[in-house]
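Quick note on numbering: the first sequence equals residues 6 to 693 in this note's numbering. Where a beta carbon is used, it is the ideal one built from N, C-alpha and C, also for glycine. Values in this document were obtained by computation on a predicted structure and should not be read as measured data. Below is one structure, written out as C-alpha cells, with a few remarks after it.
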Amino acid sequence: MDEDDGEQLALISAAKAAARTSAARTRVKDNSAKPFEPAPELPVARVLVDVPLAHLDRPFDYLVSAKQHEQVVAGSRVKVHFAGQDVDGFVVDRLAESDHEGRLAPLRRSVSPEPVLTPEVAELTGSVARRYAGTRSDVLRLAVPPRHATVESRPSPSADEPELDPDSAAAWWQDYDGGALCRRLTEGGSPRAVWTALPATHWEDGLAEAAAATLASGRGSILCVPDGRDLERLDSALTRTLGAGQHVLLSAEPGRAERYRSFLAVSRGAVRVVAGTRAAAFAPVRDLGLVAIWDDGDDLYAEPRAPYPHCREVLLLRSHQTGCAALLGAFARSIEAASLVSSGWAEDLSAARGVVRDRAPRVSVTGATDTELERDPFAQTARLPHEAHTTIRAALEIGPVLVQAPRSGYAESLMCDRCRTPARCTTCTGPLRLPNPRQPPVCRWCGTEAAGYACRECGGHGLRAPVVGARRTVEELGRAFAGVPLRSSTGERVLTDVGREPAIVVATPGAEPSADGGYAAVVLLDTWLVLARPGLRAAEEAVRRWFNAAALARAQSAGGRVVAVGDPAEPALQALVRWDPAGFASREVEERRTAHLPPASRLVVLTADEAVLQEAVGQLALPAGAEVLGPTPVPVASDQASPGARLIIRVPRRAGSALSDTLLDMQGVRSAKKLSPVRVQIDPYELA
DNA sequence: ATGACCAATTGA
DNA sequence: CAATTGGTCATG
Numbered sequence: 006m007d008e009d010d011g012e013q014l015a016l017i018s019a020a021k022a023a024a025r026t027s028a029a030r031t032r033v034k035d036n037s038a039k040p041f042e043p044a045p046e047l048p049v050a051r052v053l054v055d056v057p058l059a060h061l062d063r064p065f066d067y068l069v070s071a072k073q074h075e076q077v078v079a080g081s082r083v084k085v086h087f088a089g090q091d092v093d094g095f096v097v098d099r100l101a102e103s104d105h106e107g108r109l110a111p112l113r114r115s116v117s118p119e120p121v122l123t124p125e126v127a128e129l130t131g132s133v134a135r136r137y138a139g140t141r142s143d144v145l146r147l148a149v150p151p152r153h154a155t156v157e158s159r160p161s162p163s164a165d166e167p168e169l170d171p172d173s174a175a176a177w178w179q180d181y182d183g184g185a186l187c188r189r190l191t192e193g194g195s196p197r198a199v200w201t202a203l204p205a206t207h208w209e210d211g212l213a214e215a216a217a218a219t220l221a222s223g224r225g226s227i228l229c230v231p232d233g234r235d236l237e238r239l240d241s242a243l244t245r246t247l248g249a250g251q252h253v254l255l256s257a258e259p260g261r262a263e264r265y266r267s268f269l270a271v272s273r274g275a276v277r278v279v280a281g282t283r284a285a286a287f288a289p290v291r292d293l294g295l296v297a298i299w300d301d302g303d304d305l306y307a308e309p310r311a312p313y314p315h316c317r318e319v320l321l322l323r324s325h326q327t328g329c330a331a332l333l334g335a336f337a338r339s340i341e342a343a344s345l346v347s348s349g350w351a352e353d354l355s356a357a358r359g360v361v362r363d364r365a366p367r368v369s370v371t372g373a374t375d376t377e378l379e380r381d382p383f384a385q386t387a388r389l390p391h392e393a394h395t396t397i398r399a400a401l402e403i404g405p406v407l408v409q410a411p412r413s414g415y416a417e418s419l420m421c422d423r424c425r426t427p428a429r430c431t432t433c434t435g436p437l438r439l440p441n442p443r444q445p446p447v448c449r450w451c452g453t454e455a456a457g458y459a460c461r462e463c464g465g466h467g468l469r470a471p472v473v474g475a476r477r478t479v480e481e482l483g484r485a486f487a488g489v490p491l492r493s494s495t496g497e498r499v500l501t502d503v504g505r506e507p508a509i510v511v512a513t514p515g516a517e518p519s520a521d522g523g524y525a526a527v528v529l530l531d532t533w534l535v536l537a538r539p540g541l542r543a544a545e546e547a548v549r550r551w552f553n554a555a556a557l558a559r560a561q562s563a564g565g566r567v568v569a570v571g572d573p574a575e576p577a578l579q580a581l582v583r584w585d586p587a588g589f590a591s592r593e594v595e596e597r598r599t600a601h602l603p604p605a606s607r608l609v610v611l612t613a614d615e616a617v618l619q620e621a622v623g624q625l626a627l628p629a630g631a632e633v634l635g636p637t638p639v640p641v642a643s644d645q646a647s648p649g650a651r652l653i654i655r656v657p658r659r660a661g662s663a664l665s666d667t668l669l670d671m672q673g674v675r676s677a678k679k680l681s682p683v684r685v686q687i688d689p690y691e692l693a
C-alpha cells in the first residue's frame, strides 16, 4: 500500500516536472532570438544567491554562456534571476554538469570577473553561519565589502620582497618562552597560544614581530584590534617592523573606496599582512599562517549585525579550518581565552613570575572598607582616599599620573549611601535611577516607583548616585592639585599619547593614553561600582579594564604605583594586586562551568512575542541535556514600549552544533511557512 | 520574497 | 459558470 502510494506520488511529480520543463523550454525558445550558446567548458556555475530566507540558504546552479565564460570564475559576482526578481550572487564553483534535475536558467549577467570570495572564505562563511544559526547571505555581507568599480579597474601595487631581520622577532618575544613561538612561526609551524603581555610593553610591536616571523615563512597574517586608536598604533608598529607597503588596514573608518582598495590588495595577493578591526577576520589573505587578536575581551569584537558572530570565534574557526597559528593576546585574560588554555587547545604564553614581578608596578587597594571610610570621611565625598591622594602627590614628582574614572553612564544606577549595595527594584530586581532629585527613584527596567526605599543589606534609606563621571573628577582633582596640568581623555576627545612631564590625566576606561616612559602612578576610581554593574561579565570586564590601565604604569623599580579605590577583600582586586590575570580568569572559567554558562555551555537567546516563542520551542529537536529558561518579558528601558519576550536555551558545549542545527531547521521551516520571525543569538556577549 | 498553480468559495 | 480568494509549493 505504501509502495503504491509512493509510486503514484512519484508519477505525479514526474509528470509535473515534465510539464514544467517543457514549459520552460518553449519559453526560452519563444523569448530569445538566438539559441543559447553555453560556455565551451564547465558550463554550470554554482551560485550563492543573496536572499535573506533561511530555507533558501543553499547554492543554486545556473548556465554560463559562451560570452560569460571568461568572466564567471569561482568567487566572482553575478546577477541571477531568482524567484521572479534579479538578485546578486557569488559564484562558488564552475562545474561540468549540475545535479539539479530540472532545467537550468542562464546567468543574468556577470557583474565583474574579480574573484572576491576565495574558496577558503566561502567555506568560512558557511561555518560561521552554521555556528551562529544564521544565513550565509548575512555572513557574506560581513565578509565581502561592497564593490567599487573605479577602484576595481586599477591594479593593486604588489608589496616588495620584505627585508626581515630573522632574529628580531625571537628577541622581542624572549621574555615569554625564550622566543620559541616566533621561531616556530618562522619555520612554518602553527602554534596556538594565549599570550599575557607583560605590563609596560608595547603589545603592538609583539604582534608586528609575530607577523614578521610568519611572513618569513612565506605566509600571511590577520591581526585584529578593538578600535581605530589601537589600529593606528599597530599600523606604525607594522611599518617599523616590516617596512612600508607590506601591510594594509581593514576597518570601517575610511570610505568605501579605500576599504575596497585595501580588500583587493589582499584578495589579489599583493599584500599578505592585514591589520584591522573585527571585519578583518574575514580578510581573504593568501597562504594564511597566523590569526591574532589583541584584547579579545573587548566588547567591540561582538558584531552587532545578524548573526552576531564574535571576531575571536571567527578567527578560531578559521584557525581550525586552515590549520594556521592563532595568538590571543591581552594584558588581562578573557574567560574564553582561559578556557582554550584549560582545554589544551592553546598553550599559555606568560612570562615567568619573576619577570612579571620585575616589570609590574606596585599595586595597592585602598579606601572602601567600612573602617577606612569611618576613619577617612574625605573618601566618601571626594572619592579620593588619603592613600590615593598621597600617592598622586608623590608620583607627580617623577612623572604623569593616570586617573581612570568610570564613564558617567554608570551613574544612572543608584546605591545605598551606607553600604554601597546597588539599589534594586523590589518588583523585578532591575537597577534604580533618579529621574530628577525631587522625585522618588524609578526602576530602569519596569518603571516601578520605589518610594520609601530600604536597602536589602543594611536597611538604610539613603541613596546616592555614586559616579561622578570624568568631568567632575577633573574638577575635583583640579581643586585638590592646583597648579598641576590636567588633561582629560574621554569618549568624545581621546588622547593617544602624553609626555613624560608631570600631569594628571583623567580618562574613561578604554580611552587611556599611553605615557612616554610609563605613568608614575595609575589610580583606579570607583572599582566597586564597576563590579556592581548588572550582567554576567561585570567582574571580567572590570578586571580587563583595570589591567589595561595599570599596564601603562612604570615598573615598581622605576617608582611605578597603582592604587585601586575599593574593597581589598574583593577577589578581582586581589588578582590585580598579585598581577595574576590568568589565575583570575581560570577561576571564572570554573564558576561558569558550575553555573552552566558559556564557554562551558553553549547558549542561545530567542527573542519574539511570547506566543511565538512557545511555538518556536515546539519546533526544536533539542539535544540531550538542554535546559529551557523562560520565556521572560524582555527587560526594556521604560521609555521604549516594545512588547516581546525572550527565552534562553543552554546545552552542554559538545551539543553546541546540534543546537545550531535544530535552530537552523526551525528558521528554515519558519521562513518557508512565513511565520513571524524569531531573533536567534548564540552566545551573545552580554549574557555569555 | 515572489510567482505559479490549484482548489474552494462567492456572486450573478 | 466566471471571478475571486486562500493555501501550498518551488525558486536552478
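Burial is judged here by how many other beta carbons sit within 10 angstroms of a residue's own beta carbon; Pro586 has at least 16 and is buried.
Taking Gly496 as the centre and dropping the five residues before and after it, the same chain places the C-beta of Arg412, Thr513 and Ala516 closer than 8 Å to its C-beta, in chain order. Proximity of the stretch 389 to 408 to the stretch 516 to 529 meets the contact definition, three or more beta-carbon pairs being nearer than 8 Å. In the structure shown, Gly131 adopts helical secondary structure according to DSSP, grouped into three states. Residues of the same chain with a CB within less than 7 Å of the CB of Leu186, apart from the 5 flanking positions on each side, are Trp178, Pro196, Ala198 and Leu354 in chain order. Listed in chain order, the beta strand (DSSP E) runs fully inside the stretch 77 to 114 are 82 to 87 and 90 to 100, counting runs of at least 3 residues. In chain order, Phe41, Glu42, Pro43, Ala44, Pro111 and Leu112 place their CB closer than 8 Å to the CB of Ser70, counting only its own chain and leaving out the 5 sequence neighbours on each side. Assignment of Gly464 by DSSP, reduced to helix, strand and coil, places it in the coil class.
Note that the C-beta distance between Ala213 and Ala242 is below 8 Å.
If you draw a straight line from the Cα of Asp180 to the Cα of Ala357, it is about 8 Å long. In this structure Arg273 is in contact with Ser161, their Cβ atoms being roughly 5 Å apart against a cut-off of 8 Å.
In the three-state scheme derived from DSSP, where H, G and I count as helix and E and B as strand, Arg542 is classed as coil. At a Cβ-Cβ threshold of 8 Å, Gly294 and Ser347 do not count as neighbours. In the three-state scheme derived from DSSP, where H, G and I count as helix and E and B as strand, Gly302 is classed as coil. Per DSSP, the beta-bridge partners of Pro427 are Met420.
A direct Cα-to-Cα measurement between Val156 and Pro150 gives close to 12 Å. DSSP, reduced to helix, strand and coil, places Ile340 within a helical segment of the structure shown. Annotation: the continuous alpha helix (DSSP H) that includes Cys316 extends over Cys316 to Thr327. Beyond the five residues adjoining it in sequence on each side, Ser519 comes within less than 7 Å, by CB distance, of Asp502 and Leu557 in the same chain, given in chain order. For His394, the uninterrupted alpha helix (DSSP H) segment begins and ends at His391 to Ala400. Your pair Ser665 and Arg135 checks out as a contact, with CB atoms roughly 6 Å apart and the cut at 8 Å. Beta bridge pairing from DSSP links Glu46 with no other residue. Around Gly233, the same chain offers Ser256 and Glu258 as residues with beta carbons nearer than 7 Å, after the five sequence neighbours per side are excluded. Just measuring C-alpha positions, the residue of Arg188, Arg189, Phe287 and Val360 sitting nearest Ser562 is Val360. Bridge pairing for Asp521: absent [DSSP]. If you draw a straight line from the Cα of Leu602 to the Cα of Glu595, it is about 10 Å long. Rounded to the nearest whole angstrom, the C-alpha separation of Glu341 and Arg592 is 12 Å. Partner residues in the beta bridge of His252, as assigned by DSSP, are Val278. With a threshold of 16 other beta carbon atoms within 10 Å, Leu100 falls short and is exposed.
When DSSP states are grouped into helix, strand and coil, Trp200 belongs to the strand group. Val499 and Val535 have their C-alpha atoms some 21 Å from each other.
If you keep only unbroken beta strand (DSSP E) runs of at least 3 residues inside the stretch 201 to 231, you get 225 to 229.
Residues of the same chain with a CB within less than 8 Å of the CB of Ser494, apart from the 5 flanking positions on each side, are Leu500, Val510, Val511, Ala512, Thr513, Ala516, Glu517 and Pro518 in chain order. The beta carbon of Val489 lies closer than 7 Å to those of Leu401, Pro507, Ala508 and Ile509 in the same chain, with the five residues before and after it left out. Ser115 sits close to Val77, with the two beta carbons spaced by under 8 Å. Pro120 is a Cβ neighbour of Ser81, given a cutoff of 8 Å.
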